[in-house]
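First the structure, in the form of C-alpha coordinates, and then the observations on it.
Residue numbers (the UniProt record's numbering): 1 to 66.
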(Lines of atoms letter the chains of each structure in order from A and count residues from 1; the text may use other names and numbers.)
(Lines give C-alpha, C1' and ligand atoms only; values in the text may rest on other atoms or scores of the structure.)
Protein backbone atom coordinates (compact mmCIF):
# COMPACT_ATOMS: atom_id res chain seq x y z
CA UNK A 1 0.00 0.00 0.00
CA UNK A 2 1.25 3.46 -0.87
CA UNK A 3 0.31 6.74 0.74
CA UNK A 4 0.60 9.97 -1.20
CA UNK A 5 0.76 13.53 0.03
CA UNK A 6 -0.68 15.86 -2.58
CA UNK A 7 0.46 19.46 -2.31
CA UNK A 8 -1.90 21.57 -4.39
CA UNK A 9 0.68 24.31 -4.99
CA UNK A 10 3.16 21.72 -6.32
CA UNK A 11 0.52 20.14 -8.56
CA UNK A 12 -0.34 23.52 -10.06
CA UNK A 13 3.34 24.43 -10.57
CA UNK A 14 4.11 21.04 -12.15
CA UNK A 15 1.13 21.36 -14.48
CA UNK A 16 2.19 24.84 -15.55
CA UNK A 17 5.75 23.63 -16.19
CA UNK A 18 4.41 20.92 -18.50
CA UNK A 19 1.76 23.05 -20.20
CA UNK A 20 3.92 26.14 -20.78
CA UNK A 21 7.44 24.74 -21.23
CA UNK A 22 6.93 21.02 -21.91
CA UNK A 23 8.95 20.31 -18.77
CA UNK A 24 8.16 17.17 -16.77
CA UNK A 25 8.93 17.60 -13.08
CA UNK A 26 10.41 14.42 -11.62
CA UNK A 27 12.46 13.46 -8.60
CA UNK A 28 16.23 13.04 -8.96
CA UNK A 29 15.75 9.27 -8.57
CA UNK A 30 13.33 9.10 -11.49
CA UNK A 31 15.56 11.32 -13.63
CA UNK A 32 18.60 9.12 -12.91
CA UNK A 33 16.66 6.03 -13.99
CA UNK A 34 15.64 7.78 -17.18
CA UNK A 35 19.21 8.94 -17.81
CA UNK A 36 20.46 5.36 -17.41
CA UNK A 37 17.85 4.16 -19.89
CA UNK A 38 18.68 6.96 -22.34
CA UNK A 39 22.41 6.26 -22.04
CA UNK A 40 21.88 2.62 -22.94
CA UNK A 41 20.09 3.75 -26.11
CA UNK A 42 23.08 5.96 -26.99
CA UNK A 43 25.47 3.05 -26.54
CA UNK A 44 26.93 4.46 -23.32
CA UNK A 45 29.07 7.04 -25.11
CA UNK A 46 28.24 9.75 -22.58
CA UNK A 47 26.98 12.21 -25.18
CA UNK A 48 24.03 14.37 -24.27
CA UNK A 49 20.69 13.20 -25.65
CA UNK A 50 19.06 15.42 -28.23
CA UNK A 51 15.45 15.11 -27.00
CA UNK A 52 14.05 17.22 -24.15
CA UNK A 53 13.18 15.36 -20.95
CA UNK A 54 9.43 15.77 -21.54
CA UNK A 55 9.61 14.12 -24.96
CA UNK A 56 11.57 11.19 -23.57
CA UNK A 57 9.16 10.79 -20.65
CA UNK A 58 6.12 11.01 -22.90
CA UNK A 59 7.47 8.44 -25.35
CA UNK A 60 8.56 6.16 -22.51
CA UNK A 61 5.24 6.41 -20.68
CA UNK A 62 3.07 6.53 -23.80
CA UNK A 63 1.64 9.96 -23.01
CA UNK A 64 1.97 13.39 -24.44
CA UNK A 65 -0.04 15.68 -26.65
CA UNK A 66 -1.41 14.43 -29.93
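In this text, a Cβ means the ideal position worked out from N, Cα and C, and glycines have one as well. None of these values were measured; they are calculated from a predicted model.
My output table needs one value for residue i: the three-state DSSP class, helix, strand or coil.
i: residue 11; result: helix
i: residue 35; result: helix
i: residue 2; result: coil
Check this for me: beta carbons of residue i and residue j, under 9 Å apart or not?
i: residue 14; j: residue 25; result: yes
i: residue 79; j: residue 29; result: This structure cannot settle anything about residue 79, because the visible part of the chain is limited to 1 through 66.
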